[in-house]
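Trainee:
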Amino acid sequence: MTLREEFERREANFMSPHGCLSAHTRGRVVPEPACPIRTAFQVDKDRILFSNAFRRLKLKTQVFLNPSGDEYRTRLTHTLEVAQIARTIARAMFLNEDLAEAIALGHDLGHTPFGHGGELVLKEIFSESFSHQAQGVRVVQVLENGGRGLNLTFEVRDGIVKHSKGYGKIMPDDPDELPLTMEGRVVRVADIMAYLNHDLDDAIRSGVIDATDIPPTCVRVLGPTHQERLITMMTDLIATSKPREGRLVLDMGERVYSAMTELRQFLYERVYRSPTVHNEFIKAKKIMSELYAFLLQDEPLLSEELAKMGLPALDSNHCSRERMVCDLLACMTDRYALSLYARTFFPTQMR
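Last residue of the sequence shown: 351 (UniProt numbering), numbering continuous.
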């Protein structure tokens, strides 16, 4: 028996019947030999952690563009917080922790520079169907490894493409909106729990809001601190979720669910749509729109930048040039986009 098979045997002995066993994965698009040491989902987790796309998350905006303080969250620290929350919940529910962590680590790989503002720009200038969820699957299946992709399992890809809920319900009614695995559904809720807490924390740190602005109901029900709010949310989810008709259903109590919904609405109104955040995204929109137009016309520069980012070359696939410019921009960090914009549009300094 290999070490992987031993791990798979342990999973079968202790995991809930509602969890996804590594040995029961639907597999990969390109079949490959099983690792003798790691389960399929452990392999996926490692591939994501060692990818270029994952490293770029450290310089991608979460909410605040180019903040002066070192304590503000980036897309990478958000991802790590989601992964930790997801693991904690999955462990408490006897689900597959490795699958939950792999999905969490990969869930935002398709995010653009400049946060959701960058995503909105690509919706306008490239395609209305652009989304960071679908782009995330494109990153792991098409763009990484110079076009070879990471060849992740079906379950991880499904969790990535269905992790986001936009401004819809925290707990959707339509099962088609949800990942097929319970681990993917846990990540979806963990994502909300993470950003509700850390975006609030960063907004207070930045001075956009004051702690006294938080709705009293949210403080009373969820708690006054980051730690208390998070523990309240996780505890309520774990205690309230129950099997129904043979399938585990994630659920929350009315008080906590209502408080989370109110807190999210507060963040949208007072933080995400605040002049401080919105005005910076206006600048980001100009940067991305002008880079997109310029790269479409300058084939040598496009080829050079694709090579620098380790993306497939212009003549390596059947994608349109517009698609490849979109891929390039979506993969950039905030810093790289700003630097390329300066090199492209600013006058060269004379000595």
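Ideal placement from N, C-alpha and C gives every residue a C-beta, glycine not left out.
Alpha carbon to alpha carbon, how far is Asn197 from Val156?
Mentor: So the alpha carbons of these two residues sit roughly 25 Å apart.
Trainee: Can the beta-carbon of Gly159 be found closer than 7 Å to that of Asn96?
Mentor: Their beta carbons are not under 7 Å apart, which means Gly159 does not touch Asn96 by this criterion.
Trainee: By DSSP's criteria, residue 360 is part of a beta bridge. Which residues make up the other side?
Mentor: Within the shown structure, residues of the chain are numbered from 1 to 351, placing residue 360 beyond reach of any answer.
Trainee: Thinking C-alpha only, which one of Thr2, Leu21, Thr88, Thr225 is nearest Thr153?
Mentor: Comparing Cα positions, the closest option is Leu21.
Trainee: Gln62 to Asp213, Cα distance in whole Å?
Mentor: Rounded to whole angstroms, Gln62 to Asp213 spans 21 Å at the Cα level.
Trainee: Quick check: the Cα distance between Gly149 and Lys162, rounded to an integer number of angstroms?
Mentor: Gly149 and Lys162: Cα-Cα distance of roughly 19 Å.
Trainee: Could you name each continuous alpha helix (DSSP H) segment of 4 residues or more that falls completely within the segment 83-162, going from the start of the chain to the end?
Mentor: Qualifying alpha helix (DSSP H) stretches, in chain order: 97-106, 115-125, 132-138, 154-161.
Trainee: Quick one: Cα of Pro215 to Cα of Arg323, how far?
Mentor: Answer to the nearest angstrom: the Cα atoms are 43 Å apart.
Trainee: Let me check understanding here. Comparing Cα to Cα, which of Asp70, Met1, Ala83, His278 lies closest to Val208?
Mentor: Minimum Cα distance to Val208 is reached at His278.
Trainee: Tell me the DSSP secondary structure of Thr25 in three-state form.
Mentor: Thr25: coil per DSSP, three-state reduction.
Trainee: Check each candidate in Ala102, Leu340, Leu267 and name the one with the smallest Cα separation from Ser289.
Mentor: Of Ala102, Leu340, Leu267, the residue nearest in Cα terms is Leu340.
Trainee: Since I believe Thr333 is in contact with Lys60 (beta carbons under 8 Å), could you give me their beta-carbon distance rounded to a whole number of angstroms?
Mentor: Contact flag correct, Cβ pair sits at about 6 Å.
Trainee: Does the contact criterion of 3 or more C-beta pairs under 8 Å hold for the segment 127-139 versus the segment 221-233?
Mentor: No: fewer than three Cβ pairs fall under 8 Å.
Trainee: With three or more C-beta pairs closer than 8 Å as the rule, is the segment 45-54 touching the segment 95-111?
Mentor: With a cut-off of 8 Å, the segment 45-54 and the segment 95-111 count as touching, because enough Cβ pairs lie within range.
Trainee: Taking only the alpha-carbon atoms, compute the straight-line gap between Arg351 and Arg270 and give it to the nearest angstrom.
Mentor: Only weak support is given to the placement of Arg351: the predicted model assigns it a pLDDT of 48, under 50, and the value that follows is read from those uncertain coordinates. For Arg351 and Arg270, the distance between alpha carbons rounds to 47 Å.
Trainee: Have a look at Met182, Glu305, Ala34, Gly117 and flag the residue whose alpha-carbon is nearest the alpha-carbon of Glu280.
Mentor: Checking every option, the nearest Cα to that of Glu280 belongs to Gly117.
Trainee: Could you pull the start and end residues of the beta strand (DSSP E) that Arg188 belongs to?
Mentor: Here Arg188 belongs to no beta strand (DSSP E); instead the alpha helix (DSSP H) covers 182-206.
Trainee: State buried or exposed for Asn13, treating a residue as buried only when at least 16 other CB atoms are found within 10 Å of its CB.
Mentor: Under this definition Asn13 is an exposed residue.
Trainee: To test your reading of the DSSP string, which unbroken beta strand (DSSP E) runs of 3 or more residues are found completely within the segment 234-308?
Mentor: Counting whole runs of 3 or more residues, the segment 234-308 contains the beta strand (DSSP E) stretches 242-244, 247-249.
Trainee: In or out: Val256 buried (at least 16 other Cβ within 10 Å) or exposed?
Mentor: Buried, since its Cβ has 16 or more Cβ neighbours within 10 Å.
Trainee: By DSSP's criteria, Thr74 is part of a beta bridge. Which residues make up the other side?
Mentor: Beta-bridge pairing links Thr74 to Thr61.
Trainee: Nearest by alpha-carbon distance to Arg55: which of Ile89, Gln265, Glu144, Ala40 is it?
Mentor: Checking every option, the nearest Cα to that of Arg55 belongs to Glu144.
Trainee: For the alpha helix (DSSP H) containing Cys218, list its first residue and its last residue.
Mentor: Looking at the DSSP string, the run of the alpha helix (DSSP H) that includes Cys218 is 216-222.
Trainee: Check whether the Cβ atoms of Phe41 and Asp108 lie closer than 7 Å to each other.
Mentor: Not closer than 7 Å, so no.
Trainee: I need the straight-line Cα distance from Thr181 to Arg244, nearest angstrom please.
Mentor: Near 15 Å, if we compare the C-alpha coordinates of Arg244 and Thr181.
Trainee: Tell me whether Phe94 is buried or exposed, calling it buried when 16 or more other Cβ atoms sit within 10 Å of its Cβ.
Mentor: Exposed.
Trainee: Report, in whole angstroms, the separation of the C-beta atoms of His78 and Ala190, which I expect to be a contact under 8 Å.
Mentor: The pair is not a contact, with the Cβ atoms about 11 Å apart (cut-off 8 Å).
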